[in-house]
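A.B. asks: Residue 50 in the numbering used here sits at position 50 of the sequence shown, and the numbers go up by one each step. Note that beta-carbon positions come from the ideal geometry of N, C-alpha and C, so glycine has one too.
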Amino acid sequence: MNDNYIHKNGIVYLNQYHIVFCPKYRRKVLVGNVEKDLRQIFYDIAKEKNVEIKALEIMPDYVQMFISFNPRQPLHELIRYFKGTSSRILRNKYPELRSRIPSLWTRSYYCCTVGCVSEEAIQKYIENQKNV
């Protein structure tokens, strides 16, 4: 069996996802200290939820990450926790975020199992977030 598989609690898995989500209206708010704090928040959440962040890219108007986690954890709950926790912490620390946008993140996100992600699909999703 492939060496990349994880063996834990009777489960053998290679559960990897590419996740993308954007700030509301694709505002370019993920810069400077906000970006630095967001990165740390995501790694703290990952440690708490036993999620491995294989790659994390934070751009001014979107976040993309490759994550691996136990298949018993529902993906939608993990994403909701990443977005909700980071929004609460950042909007409390940086009040200007509250005045610029009604919520930090859009309601939607893009997810795809690693192996079938195309650059075109990611770019299309990001572009469509301008009007959300």
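1) Rounded to whole angstroms, what is the Cα-Cα separation between LEU90 and THR113?
2) Measuring straight from C-alpha to C-alpha, what distance separates SER108 and ASN15?
3) Determine the closest residue to GLN40 out of GLY10, ILE58, GLU96, with distance taken between C-alpha atoms.
4) In whole angstroms, what is the alpha-carbon distance linking TYR43 and GLU120?
5) Count the other CB atoms, across all protein chains shown, that sit within 10 Å of the CB of VAL31; report buried if there are 16 or more and exposed otherwise.
C.D. replies: Let's see:
1) 28 Å
2) 21 Å
3) ILE58
4) 27 Å
5) exposed
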